[in-house]
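To start, the structure under review is shown below, and the notes come after it.
There are 2 protein chains.
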Amino acid sequence: MILSNRLSASRYLSEGKKIIDAAVLSLLPQQDAYPDVIHKAMHYSLRAGGKRLRPVLVIAAAEAVGGDRKAVLPFAVAAELIHTYTLIHDDLPALDNDDLRRGKPANHKVFGEAVAILTGDALLTQAFILMTQSAGMKPVPPARLLDAAHEMATALGSAGMIGGQVVDLESEGKPIDAETLEYIHVHKTGFLIQACIRCGGILSQATPRQLSALSRFGAHVGLAFQIVDDILDITGNEKKIGKDMGGDLTKDKATYPSLYGLEESRRKAESLVEESVACLQEFDGRADPLRDIARFFVRRTF
Amino acid sequence: MILSNRLSASRYLSEGKKIIDAAVLSLLPQQDAYPDVIHKAMHYSLRAGGKRLRPVLVIAAAEAVGGDRKAVLPFAVAAELIHTYTLIHDDLPALDNDDLRRGKPANHKVFGEAVAILTGDALLTQAFILMTQSAGMKPVPPARLLDAAHEMATALGSAGMIGGQVVDLESEGKPIDAETLEYIHVHKTGFLIQACIRCGGILSQATPRQLSALSRFGAHVGLAFQIVDDILDITGNEKKIGKDMGGDLTKDKATYPSLYGLEESRRKAESLVEESVACLQEFDGRADPLRDIARFFVRRTF
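Just so you know, the sequences run in chain order F and Z.
Using my numbering, count along the first sequence one by one with no gaps and you end on 302.
Using my numbering, count along the second sequence one by one with no gaps and you end on 302.
In structure tokens:
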């Protein structure tokens, strides 16, 4: 059972990654388009690898409610652009000051700080260009597109993801309590993951009941994934994760393992994933990729 | 005639500014909302003044085709958030390194670089939250909202405004030709102004013919305003403009006056404005505010 989850999740993810990689190239301006420095910098960070987890979740959520992956592809790509924008801005000297990302020099190390700031801005903007494009490969009603774009924007705003980044910044070097840590994780990581899942549903005409189940699934999974990231930051190896290891510890950042220990963190992630899968009980086999991906990601920690 | 233009433009602008100032406060998260540092920083830069020219152009373009100002208010506010985001990121040490903006310390001088980067990100995101909000004060069809949001996003992207910023950055300290200077001005300033004018029209059910006229009007006016800014950067006084004077000269940036001289630049701006007004010849008296604002802004240089 575990093996079969793992196989099917990893097959779905690698197939999804191929689709997304091709779509990213076709939905971005060419890297030699004028002015080429910004387009080279956008392509550099997007080609640096990554699992394409967020776009695959958009597709998996769409398929879970009977939607068409082609119809959600511009949104799926937008999710990856948004994720990449947050990494580029996070890595800046004024923020986390990380030199390495996905095993390669961070954007600001290659292109300089000014271009890195503008590259993040350009990727966020390009995401909205894609999300508001009504001439998609298969038309989704404009009202649904608008709702999904609004959902995504709200998840990313000052009361969402950016709120999480600000509290994270402010908490560096200070002892923080469990409530603050959960706020950071839910906002900084969870909101985008939940929005990806909800947008997949919204664009695929999910019913309010299905959307509510996807929301709960997304909330649990988003927090679980961040706990897993915290665990891997301690137990993983640099090559596999592709960033400076123990970075959060050296920056004196609170994490789940530092507050609860490794074992308890693993239990927490595992139980969140089981709760998330339980939210999908009314869904049929078309939701298996969502279920499998959720379990797969948490079991990376064992 | 000139006096009456000036009076009516300045009345329309000051009335518009009041409407926008109130709407900004009602459409942003409160400044003490958690996490308060980001909301204080957003409010700080938005309350620092400014003529609210871009949002007033959204309203004036809407009214020029018989639209309702209430229906375009969220978009008008979004335009001001976008303008403010670009100022905050432009002023960062890695970019223009300006300490003063609108007569007050720049955002990064008050809140630090990290928060200033996130404040810009948050304002751009909040703009898209507003532009994709279907529950407006007066409903506009979702397809029109989507088109307008797409128009705005495209104007701001790597082939639009950010493209202009990148070429501007790369041109510092180098001799540039007239073509490059026009690229910078059209992209860095003109595209947003033109998008404001087009969005006002799109949201107000402008016909394709009206929209095409508004586009041409916006293109001429956008370039004219930037030439005027270049002129005022030399001839204005610091208190009136509210930023370091001669900043562009000390940074060895090419401007219209440095390439063409003051007199020729004034002539160029004046002729662009007359061409812009000519684009509106099929519009009735409801387009007078647009015409008056265009002339008013250019005559500031005399």
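Note that the Cβ used here is the ideal one computed from N, Cα and C, for glycine as well.
| message | Against chain F, which members of the segment 125-153 of chain Z pass a CB distance test of less than 9 Å? | response | T125, Q126, A127, F128, I129, L130, M131, T132, Q133, S134, P141, P142, A143, R144, L145, L146, D147, A148, A149, H150, E151, M152 and A153
| query | Taking the runs of the alpha helix (DSSP H) that are 4 residues or longer, which of them lie wholly in the segment 117-187 of chain F? | reply | 142-156, 161-171 and 178-185
| Residue(s) in a DSSP beta bridge with R101(Z) | K104(Z)
| field | Burial state of E15(F) (16 or more Cβ within 10 Å) | value | exposed
| Would you report the Cα separation of E275(Z) and H39(F), rounded to the nearest angstrom? | 34 Å
| query | Counting only beta-carbon atoms, is V221(Z) nearer than 9 Å to chain F? | reply | no
| request: Leaving out five residues on either side along the sequence, give the residues of the same chain with a beta carbon under 7 Å from the beta carbon of A127(Z). | output: A78, L81 and I82
| task | Say whether the segment 161-172 of chain F touches the segment 22-41 of chain Z, bearing in mind that this needs 3 or more beta-carbon pairs closer than 8 Å, one atom from each stretch. | result | yes
| said: Do S134(F) and H150(Z) have their beta-carbon atoms positioned less than 9 Å apart in this structure? | reply: yes
| said: Taking the straight line between their C-alpha atoms, what separation do you get for L130(Z) and N107(Z)? | reply: 23 Å
| Proximal chain F residues relative to A33(Z), where beta-carbon distance stays under 7 Å | A159
| field | 9 Å Cβ cut-off: residues of chain Z touching A48(F) | value | Result: empty, since nearest Cβ-Cβ is about 18 Å, beyond 9 Å.
| Where G285(Z) sits in the DSSP three-state scheme | helix
| field | Three-way DSSP call (helix, strand, coil) for Y34(F) in this model | value | Y34(F) falls in the coil class under three-state DSSP.
| Assigned secondary structure, G246(Z) (DSSP; H/G/I helix, E/B strand, else coil) | Below a pLDDT of 50, predicted positions are generally treated as unreliable, and G246(Z), at 48, falls in that range; no measurement from the model is reported.
| query | Is it the case that the CB of L46(Z) approaches a heavy atom of the ligand ADP more closely than 8 Å? | reply | This structure lacks the ligand ADP; in fact it carries no ligand of any kind.
| task | Check whether the Cβ of I241(Z) lies closer than 9 Å to any Cβ atom in chain F. | result | Any reading at I241(Z) needs caution, since the residue's pLDDT is 48, under 50, leaving its predicted position unreliable; the model's value is listed next. Chain F contact via Cβ: absent.
| message | If you measure between the beta carbons of S158(Z) and M42(F), is that distance less than 9 Å? | response | By the CB criterion at 9 Å, S158(Z) and M42(F) fall inside the cutoff.
| chain F contacts made by the segment 12-36 of chain Z, where a contact means CB separation under 7 Å | Cβ contacts with chain F: P29, A33 and P35.
| field | Candidates L169(F), A9(F), D233(F) and L28(F): closest to L57(F) by CA position | value | For L57(F), the nearest C-alpha among the options comes from A9(F).
| message | Tell me which residue opens and which closes the alpha helix (DSSP H) that A62(F) is part of. | response | L53 to A64
| field | Inter-residue Cα distance where the pair is V298(F) and D229(F) | value | 9 Å
| task | Please decide whether H39(Z) counts as near chain F, where near means a Cβ-Cβ distance under 9 Å. | result | yes
| As assigned by DSSP and simplified to three states, the class of L272(F) | helix
| field | Contact under 9 Å by Cβ, A62(Z) with D91(Z) | value | no
| query | With burial defined as no fewer than 16 other Cβ atoms inside 10 Å of the residue's Cβ, what is the status of D292(Z): buried or exposed? | reply | buried
| said: Out of L280(Z), T235(Z), E264(Z) and V221(Z), which one is the CA nearest neighbour of L53(Z)? | reply: V221(Z)
| What did DSSP end up calling S8(Z) once you bin it into helix, strand or coil? | S8(Z): helix per DSSP, three-state reduction.
| said: Rounding to the nearest angstrom, what Cα-Cα distance links T125(Z) and A94(F) in this structure? | reply: 20 Å
| query | To the nearest angstrom, how far is it from the Cα of D99(F) to the Cα of V110(F)? | reply | 10 Å
| chain Z contacts made by the segment 97-127 of chain F, where a contact means CB separation under 9 Å | H108, G112, E113, A114, V115, A116, I117, L118, T119, G120, D121, A122, L123, L124, T125, Q126 and A127
| request: Look up D91(F) in the DSSP assignment and say whether it is helix, strand or coil. | output: Three-state DSSP puts D91(F) in a helix.
| task | Apply the 10 Å Cβ neighbour rule to P55(Z) and answer buried if 16 or more other Cβ atoms are within range, or exposed otherwise. | result | buried
| said: Tell me the DSSP secondary structure of K17(F) in three-state form. | reply: helix
| For E282(Z), which residues from the same chain have a beta carbon less than 6 Å from its beta carbon, with the 5 sequence-adjacent residues on both sides left out? | Excluding residues up to 5 positions away in sequence, nothing lies with its Cβ nearer than 6 Å to the Cβ of E282(Z) in the same chain.
| Buried or exposed: L13(Z), going by 16 or more other Cβ atoms within 10 Å of its Cβ? | buried
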